[in-house]
Amino acid sequence: MATNPKTPYISCLDLFKIYKAQDLEVVALRGLDLEVMPGEIIAIVGASGSGKSTFLNILAGYDKPSAGEIRVGERNLLHINTKEAEDYRLRNVGFVWQQTARNLVPYLTALENVELPMILAGFKAKYRIERSKELLDAVGLSHRLNHKPNQLSGGEQQRVAIAIALANEPELLLADEPTGELDSETANEILDILKNLRDIYHTTIIIVTHDEAVSASVDRVVVVRDGRASAEIVSLPDFRRPGDMSNRTSEFILVDSSGRLQLPREYVDNLRIKGRARLVMEEDHVVVYPESEG
Ligand SMILES: Nc1ncnc2c1ncn2[C@@H]1O[C@H](COP(=O)(O)OP(=O)(O)OP(=O)(O)O)[C@@H](O)[C@H]1O
Ligand SMILES: [Mg+2]
Numbered sequence: 000m001a002t003n004p005k006t007p008y009i010s011c012l013d014l015f016k017i018y019k020a021q022d023l024e025v026v027a028l029r030g031l032d033l034e035v036m037p038g039e040i041i042a043i044v045g046a047s048g049s050g051k052s053t054f055l056n057i058l059a060g061y062d063k064p065s066a067g068e069i070r071v072g073e074r075n076l077l078h079i080n081t082k083e084a085e086d087y088r089l090r091n092v093g094f095v096w097q098q099t100a101r102n103l104v105p106y107l108t109a110l111e112n113v114e115l116p117m118i119l120a121g122f123k124a125k126y127r128i129e130r131s132k133e134l135l136d137a138v139g140l141s142h143r144l145n146h147k148p149n150q151l152s153g154g155e156q157q158r159v160a161i162a163i164a165l166a167n168e169p170e171l172l173l174a175d176e177p178t179g180e181l182d183s184e185t186a187n188e189i190l191d192i193l194k195n196l197r198d199i200y201h202t203t204i205i206i207v208t209h210d211e212a213v214s215a216s217v218d219r220v221v222v223v224r225d226g227r228a229s230a231e232i233v234s235l236p237d238f239r240r241p242g243d244m245s246n247r248t249s250e251f252i253l254v255d256s257s258g259r260l261q262l263p264r265e266y267v268d269n270l271r272i273k274g275r276a277r278l279v280m281e282e283d284h285v286v287v288y289p290e291s292e293g
């Protein structure tokens with residue numbers, strides 16, 4: 000694992016993913032830039048079809064980008080072969096799916112489900128059982144060890160899924176809408192558990208979510224628009240009121256290494272910008288005007 004806290008654990012530069020279906024090409028990622036520091040917990044939000052799952056699948060080694068650079072720790076994910084990708088998924092990445100049923104084997108107990116990835120990785124039974132109990136305890140399920148998935152609530156199943164994802168001590172935990180099938184109270188509990196696990200295990204965590212309230216539980220929210228990281232929402236301490244730890248969030252637009260930035264769709268629509276705009280440099284800021292008529 001990248002131990003230097005100043006070196007990003009994940010580094011993506013100008014990432015493209017083009018899906019080809021018969022004669023049709025879909026550009027799912029178009030020049031995505033993103034860096035994530037070791038132990039950081041971030042959320043990715045964005046409209047349906049903006050490329051969130053595509054990005055997560057590439058990070059998990061399920062899919063390969065079409066172009067660009069993507070590094071996770073020492074690995075270059077553009078060049079890993081199938082065998083390396085399998086090993087990476089087993090030992091270095093944990094994945095939690097939205098569909099609770101997809102995360103668990105239905106005929107195994109919670110404890111056996113968490114043991115499974117450790118069996119595949121070749122760990123001995125004594126260690127497996129100890130680690131499974133520790134993880135199920137960390138997600139608040141030490142009283143549910145011998146329950147099967149159909150004897151657990153949706154929120155409990157997702158907690159088991161998180162324990163499974165962490166079984167092999169991955170450096171990276173990815174969750175694609177892990178709270179999508181849960182009510183908002185249970186969803187908040189899951190987000191708090193993820194944050195707590197990051198504090199215990201220092202796992203780098205990326206959560207894709209539609210949950211508006213997520214910024215309270217993560218270090219940073221990255222807004223993806225049309226296959227690019229377009230803006231970031233971060234919590235800032237309010238310096239005007241010393242000691243006040245209440246969350247004040249601030250949204251920043253991202254400017255990539257070529258100076259490109261993306262105006263939100265509603266700004267473009269409201270100003271009726273069509274193809275061209277005028278930039279005026281002021282002393283310490285820039286103003287964007289729609290192209291004036293005539
Ligand atoms: N396997 C595939 N083959 C062809 N096109 C695909 C494939 N997977 C995704 N796409 C397309 O790529 C784009 C991005 O899809 P993606 O699933 O990453 O979006 P998303 O942000 O996760 O959306 P949602 O919030 O609905 O889950 C969409 O236009 C989608 O139709
Ligand atoms: Mg998706």
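The sequence shown finishes on residue 293 if you use the working numbering, and the numbering steps up by one all the way, no holes. No residue lacks a Cβ here, since even glycine has one placed at the ideal position from N, Cα and C.
- Using a 10 angstroms sphere on the CB of ARG259, the tally of other CB atoms stays under 16, which defines it as exposed.
- Near ligand 2, meaning a beta-carbon closer than 7 angstroms to one of its heavy atoms, we find LYS51, SER52, ASP175, GLU176, VAL207.
- Ligand 1 approaches VAL25 closely enough that one of its heavy atoms is under 6 angstroms from the residue's Cβ.
- Taking 7 angstroms as the cut-off, the Cβ atoms of GLY93 and LEU151 do not count as close.
- Inclusion of LYS194 and SER229 in the CB contact set at 7 angstroms is not warranted, their separation being larger than that value.
- DSSP places ALA215 outside any beta strand (DSSP E), giving it a letter other than H or E.
- About 4 angstroms separates the Cβ atoms of GLY45 and VAL223, confirming a contact at the 8 angstroms cut-off.
- Exposed is the label assigned to GLN21, since fewer than 16 other Cβ atoms lie within 10 Å of its Cβ.
- Taking 6 angstroms as the cut-off, one finds at least one heavy atom of ligand 1 near enough to the beta carbon of SER49.
- Under the three-state reduction of DSSP, LYS194 is assigned to helix.
- Going by DSSP, ASP225 is part of no alpha helix (DSSP H) at all; its letter is neither H nor E.
- Between ligand 1 and ALA66, a heavy atom-to-CB distance of less than 6 angstroms is absent.
- Annotation note: the region 30-69 contains the following uninterrupted alpha helix (DSSP H) runs of length 4 or greater, listed N- to C-terminal: 51-58.
- When the beta-carbon positions are compared, ASP86 and ASP255 stay at least 7 angstroms from each other.
- Going by C-alpha positions, GLU129 is about 10 angstroms away from GLU114.
- GLN156 counts as buried, since no fewer than 16 other beta carbons sit within 10 angstroms of its beta carbon.
- Along the length of the region 133-200, whole beta strand (DSSP E) runs at least 3 residues long occupy 171-175, reported in chain order.
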